[in-house]
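Residue numbers (this note's numbering), protein chains in the order written: chain L, 1 to 177; chain E, 178 to 992.
Structure below.
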């Protein structure tokens with residue numbers, strides 16, 4: 001049954017995370033690992049703004065269903081108003097209409113980032129990249145979200161790599177799919 | 178214990194006390210009597226005075242008796258007072274939880290047919306009329322519908338009533354428009370159907386109403402018919418009693434009751450149904466007390482929710498809110514005068530005036546009430562006449578209170594049982610918002626029920642059973658669940674509880690593991706499909722055979738998987754290792770409790786259809802595991818959120834290998850064991866699938882997925898006896914029966930980073946170019962693939978190189 005379902009998917013070794021953190025935070029308990037304090041504007045300053053710089057000149061404008069557009073706009077307003085749960089509900093509804101829309105998935109990743117659910121932020125961003133254009137602004141936002149999430153999850157190296165990857169979104173040609 | 182139950186038991190206790198007290202009182206009187214007798218014997222000489230004395234004695238006796246009664250009455254009243262206040266203030270009805278389907282989103286280009294849209298509407302209780310003039314109705318003209326959506330509360334907010342039109346073109350939504358403002362709409366949500374209710378043990382059904390939401394005509398009309406003096410009497414209406422007595426006397430039988438609404442409420446709420454003087458007295462005292470403590474509107478509101486108005490199977494329909502839905506299938510505030518009149522008329526005898534069973538009686542009673550409305554001025558003469566002329570309007574059948582979707586609701590209960598006690602589900606009036614698509618559920622059930630009948634016509638044994646699970650690939654939301662061939666049978670839920678060997682359905686995982694070793698295997702790697710024997714842990718020898726007892730020699734992985742060759746698969750599995758296969762199962766969300774024996778490579782693992790769906794969901798979504806969900810959110814009775822199950826996804830490692838495997842599974846349908854499927858579907862959609870058959874044809878499985886849907890079907894016998902079924906002769910046919918009716922899209926075969934499509938030669942398997950003869954495209958994990966090139970490719974490469982140099986050199990020289 002459903003309760004039997006276990007997932008072994010975590011990209012991060014939690015023991016390693018705990019080890020590093022306890023070194024840094026002296027004797028703070030592993031179980032109580034709390035994420036570093038985040039500025040409310042992390043999504044703007046560390047994802048959206050740099051991503052628009054990364055991708056100057058390379059833009060992909062996917063055609064969007066007006067219903068999805070409406071939901072994304074509502075989700076954006078909810079996000080601005082600090083109602084992250086409501087934003088996530090609206091994005092989920094948009095995903096029911098277009099489950100494989102990289103923009104919705106990336107916006108969801110950013111909402112998860114604001115909710116400080118870094119695992120889900122990472123996962124949605126990876127998904128968005130997998131099925132997205134892998135180029136342009138959205139690609140840069142994908143990698144920057146991945147970078148920030150990995151950092152919060154304690155994967156310093158992975159975070160740096162992801163940030164480097166973000167800057168190549170501009171010159172990487174879309175792969176033949 | 179339930180509040181009402183508590184009331185009854187304490188009342189019984191109360192009754193015992195009163196009897197005991199009466200006994201002591203009687204004893205005391207008896208003692209007095211003996212004393213009096215002695216006195217009278219002494220004083221019996223003067224006869225004249227005797228009569229006077231007797232009168233005096235009787236008087237004194239009466240006084241004494243009255244005193245005793247009063248002395249008892251005061252504590253008794255105090256006791257009743259306590260009862261009334263505590264019970265009335267702490268009153269809390271057990272409310273059933275209601276289970277809702279998903280709300281259908283309509284937007285331009287949403288795939289839906291007119292037939293499906295009408296079915297969706299009818300399951301949600303919408304009725305087709307010539308004119309969609311009020312909420313809950315819709316009209317159809319050509320391929321355009323006008324729908325008057327009711328206002329409803331959903332898990333993410335309240336949707337207002339909306340009258341809109343929707344045009345359909347070639348099985349898609351064309352245009353949506355607000356009928357009033359004429360504005361184009363981008364997105365409209367339909368009201369979700371109520372698919373089930375989870376009832377309290379007490380077997381009472383109720384939809385609570387607030388007095389401010391009750392139509393004024395119901396409030397005034399109820400008083401006009403049942404208790405004209407309600408506003409003024411103190412709980413008991415002496416004039417009313419007198420009037421009733423007179424009327425009854427004149428008629429020679431009981432035609433009127435003198436009970437006030439307050440008394441009726443007290444009777445319903447606190448007392449049993451017995452007809453004794455004691456009960457009448459209690460009723461009166463309690464009514465007076467109730468009126469003393471609470472104002473009229475509180476009492477009336479309680480009455481509106483408590484009054485008994487019918488019986489639906491084992492469940493008592495209480496209150497006007499529920500009765501309105503039960504008889505008219507619409508909320509109270511949508512009732513018209515004649516409907517209100519009928520419900521008020523039924524207060525006198527809900528069974529006697531049952532409009533479904535005794536329509537003539539009910540009509541007569543309704544019209545009596547309407548004429549009372551008219552004489553009291555509540556309705557104008559014209560309105561009253563129109564109402565009298567209108568039909569009863571009761572829906573033919575109450576919307577089924579139980580559910581046709583037993584298997585799905587069972588899953589919902591189990592998912593919630595992890596968070597709630599069953600008792601809370603039954604009494605707290607929760608709203609449970611689920612993922613079910615009623616239309617898909619109907620289609621799935623039909624595919625199973627009709628499909629099994631057809632299998633029997635084709636010569637398969639009678640008494641086969643089946644299960645089916647349908648889910649959205651990317652959201653993991655379960656859209657339909659079938660646990661029995663008979664829709665109306667609840668009980669053994671095969672989709673969740675039939676643990677059966679999965680046979681060849683396991684094979685794709687063996688190939689997935691092989692392809693993860695990209696240095697050793699790709700889809701065109703050749704392996705031997707030849708007889709082999711393996712020593713089992715118990716020392717015996719296991720010799721797997723192929724279907725048809727034929728071995729095929731050297732075959733590619735792709736062929737071995739698509740044609741489901743056993744010997745090749747076992748050989749591959751042995752190279753990979755049993756433990757890796759078990760790990761893979763666990764990684765995909767299923768912990769199988771099995772012995773590590775090589776027959777696992779051929780599916781000697783017992784899993785339920787739901788578990789198989791979970792495994793393949795991950796693959797179908799391109800390597801993202803999303804836990805299968807049946808519940809999205811739960812709200813309390815007042816609309817606040819209790820729990821939400823949001824979308825969560827977990828990427829698996831090596832998603833590029835899953836991309837390659839998905840292609841191989843489309844070839845099962847294109848040219849392998851499921852190649853009859855496109856014909857059965859009548860569509861050329863790209864579908865990935867796998868058939869499964871177990872030893873002696875006991876089980877038939879089919880797993881299949883498109884871009885947006887995944888479904889698993891199982892067919893077999895409950896007693897696990899040979900059933901003559903194979904994956905393609907049974908389960909696949911049921912699967913096809915469902916997907917024929919669904920809007921489906923071709924599987925997305927784009928590959929993630931780390932895998933690439935290459936052109937290969939059909940005969941040699943060597944790399945080739947697109948324009949070469951016999952070229953076909955196969956995906957390879959980067960770092961794997963055929964080493965050789967065809968001559969054709971070598972030549973093409975030379976040409977390309979030449980043109981490359983020409984292009985760049987030529988260009989440079991020109992500059």
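For each residue, glycine too, the CB sits at the ideal point set by N, CA and C.
Query: Candidates E:796, E:873 and E:634, of which the one nearest residue 864 (chain E) by Cα; Result: E:796
Query: Collapsed DSSP secondary structure at residue 351 (chain E) in the structure displayed; Result: strand
Query: Neighbouring residues, chain E, relative to residue 88 (chain L) (Cβ below 7 Å); Result: 823
Query: Entirely enclosed beta strand (DSSP E) segments - the segment 446-505 of chain E, minimum 3 residues; Result: 485-489 and 492-495
Query: DSSP state of residue 416 (chain E) mapped onto helix, strand, coil; Result: helix
Query: Per DSSP, cross-strand counterpart(s) of residue 375 (chain E); Result: E:274
Query: Runs of alpha helix (DSSP H) lying entirely within the segment 509-547 of chain E, each at least 4 residues, in chain order; Result: 514-523
Query: 8 Å Cβ cutoff, residue 126 (chain L) in contact with chain E; Result: yes
Query: Chain-ordered residues of the segment 788-816 of chain E with a beta carbon less than 9 Å from chain L; Result: 788, 791, 798, 799, 800, 801, 802, 804, 805, 806, 807, 809 and 810
Query: Buried/exposed call for residue 318 (chain E), threshold 16 Cβ in 10 Å; Result: exposed
Query: Integer-rounded CB distance, given that residue 556 (chain E) should sit under 8 Å from residue 564 (chain E); Result: 7 Å
Query: Residues near residue 485 (chain E) by beta carbon distance below 8 Å, same chain, minus five either side; Result: 445, 493, 494, 495 and 527
Query: Beta-carbon gap between residue 857 (chain E) and residue 939 (chain E) smaller than 8 Å; Result: no
Query: 8 Å Cβ cutoff, residue 839 (chain E) in contact with chain L; Result: no
Query: C-alpha distance - residue 306 (chain E) paired with residue 315 (chain E), whole-angstrom precision; Result: 6 Å
Query: Whole runs of the alpha helix (DSSP H) within the segment 87-170 of chain L, excluding any shorter than 4 residues; Result: 102-114, 118-131, 136-152 and 156-167
Query: Terminal residues of the beta strand (DSSP E) in which residue 882 (chain E) lies; Result: 876-882
Query: Residue 936 (chain E) classed as buried or exposed, judged by whether at least 16 other C-beta atoms fall within 10 angstroms; Result: buried
Query: Per-residue contacts from residue 293 (chain E) into chain L (C-beta, under 9 Å); Result: Chain L residues near residue 293 (chain E): none, gap ~17 Å exceeds 9 Å.
Query: The alpha helix (DSSP H) enclosing residue 124 (chain E), as first and last residue numbers; Result: Any answer about residue 124 (chain E) is impossible in this case: the structure gives chain E only from 178 up to 992.
Query: Any C-beta of chain L under 8 Å from that of residue 940 (chain E); Result: no
Query: Sequence-distant residues of its chain with Cβ nearer than 8 Å to residue 548 (chain E) (five each side left out); Result: 561 and 565
Query: Reference residue 732 (chain E); option with closest CA among E:655, E:615, E:376 and E:703; Result: E:703
Query: Residue from E:874, E:894, E:875 and E:908 with nearest C-alpha to residue 866 (chain E); Result: E:908
Query: Interfacial residues, the segment 126-140 of chain L to chain E, with Cβ spacing under 8 Å; Result: 126, 127, 130, 131 and 134
Query: Beta-carbon separation (whole angstroms), residue 659 (chain E) vs residue 584 (chain E), contact threshold 8 Å; Result: 6 Å
Query: Anticipated Cβ contact below 8 Å, residue 644 (chain E) with residue 672 (chain E), distance rounded; Result: 4 Å
Query: Any chain E beta carbon closer than 8 Å to residue 120 (chain L); Result: yes
Query: CB contact check: residue 865 (chain E) to chain L, cutoff 8 Å; Result: no
Query: DSSP-derived helix/strand/coil call for residue 840 (chain E); Result: helix
Query: Check whether residue 880 (chain E) and residue 957 (chain E) have beta carbons under 8 Å apart; Result: no
Query: Chain L within 8 Å of residue 832 (chain E), Cβ atoms only; Result: yes
Query: Chain-order list of residues whose beta-carbon lies under 6 Å from that of residue 559 (chain E) (same chain, five-residue window excluded); Result: none
Query: Cβ of residue 157 (chain L) within 8 Å of any chain E Cβ; Result: no
Query: Short Cβ contact (8 Å threshold) for residue 109 (chain L) with residue 125 (chain L); Result: yes
Query: Start-end ranges of the beta strand (DSSP E) lying completely within the segment 848-931 of chain E, minimum 3 residues; Result: 865-870, 876-882 and 886-893
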